[in-house]
Amino acid sequence: MADIHIEEFYRDAAIALAQLYSVFPRRINLFVEDIAGPDEPDEFGLHSKRHMACFGALLWLEEEGLIRYVDTIRQEALDQAVLTRQAFIRLSAPAPTALVDAAGVGRGEDQALPQSVRRDLSTYIHLIRESLRSGHSARISQIVQATFFADA
Numbered sequence: 002m003a004d005i006h007i008e009e010f011y012r013d014a015a016i017a018l019a020q021l022y023s024v025f026p027r028r029i030n031l032f033v034e035d036i037a038g039p040d041e042p043d044e045f046g047l048h049s050k051r052h053m054a055c056f057g058a059l060l061w062l063e064e065e066g067l068i069r070y071v072d073t074i075r076q077e078a079l080d081q082a083v084l085t086r087q088a089f090i091r092l093s094a095p096a097p098t099a100l101v102d103a104a105g106v107g108r109g110e111d112q113a114l115p116q117s118v119r120r121d122l123s124t125y126i127h128l129i130r131e132s133l134r135s136g137h138s139a140r141i142s143q144i145v146q147a148t149f150f151a152d153a
């Protein structure tokens with residue numbers, strides 16, 4: 002089992018990428034609270050470690066060329082965030098068969114679906130969304146790692 006902060010990082014990255022993909026190519030404000038949950042700054046106005054870790058994950062996604070944004074809104078959000086071309090292509094690409102099979106895509110009743118639908122169900126973004134729905138930390142980590150290391 003990975004360290005909790007690493008599992009939270011993968012979850013935060015998955016949520017951010019899924020949110021941005023769902024509105025692509027439109028730019029949106031990406032709020033930390035929408036990803037990490039509500040946060041109450043302390044008496045000095047400082048955010049919790051969890052909030053700051055999520056904010057750091059968003060900044061890291063930009064540093065690694067997966068998202069772009071115009072500015073930060075304090076430490077609350079990224080202003081006008083959008084996926085980069087690299088991220089859009091990677092998320093839209095089909096995942097390796099072993100990863101898709103492990104996720105249960107292409108089994109049973111899925112075989113009756115048209116090839117184009119099965120292709121959509123095998124993309125990285127679909128696997129990310131399914132792993133988030135499952136809520137299983139190890140599965141989210143596995144899919145996000147595979148997405149980060151994919152050749153697109």
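With the working numbering applied, the sequence shown closes on residue 153, and no number is skipped along the way.
Think of the CB as a built atom: it goes at the ideal place given N, C-alpha and C, for glycine as much as any other residue.
So which of the options has the shortest CA-CA distance to residue i?
i: F10; options: G57, E131, S123 and L133; result: G57
i: C55; options: A147, D13, G66 and L18; result: D13
i: W61; options: I74, L79 and L47; result: L79
i: K50; options: E34, E63 and E64; result: E34
Is residue i near residue j, with beta carbons less than 8 Å apart?
i: E77; j: F32; result: yes
i: S138; j: E41; result: no
i: L84; j: Y22; result: yes
i: L133; j: I16; result: yes
i: L92; j: I36; result: no
i: Y70; j: Q81; result: yes
i: F25; j: F89; result: yes
Would you say the beta carbon of residue i comes nearer than 7 Å to a heavy atom of the ligand ZN?
i: Q20; result: As for the ligand ZN, it is missing from this structure, which has no ligand bound.
Please return the same chain residues whose Cβ sits closer than 7 Å to the Cβ of residue i, not counting the five positions on each side in sequence.
i: P95; result: R120, S123 and T124
**Request:** Could you name each continuous beta strand (DSSP E) segment of 3 residues or more that falls completely within the segment 15-99, going from the start of the chain to the end?
**Result:** Complete beta strand (DSSP E) runs here, min 3: 29-32, 72-74 and 78-84.
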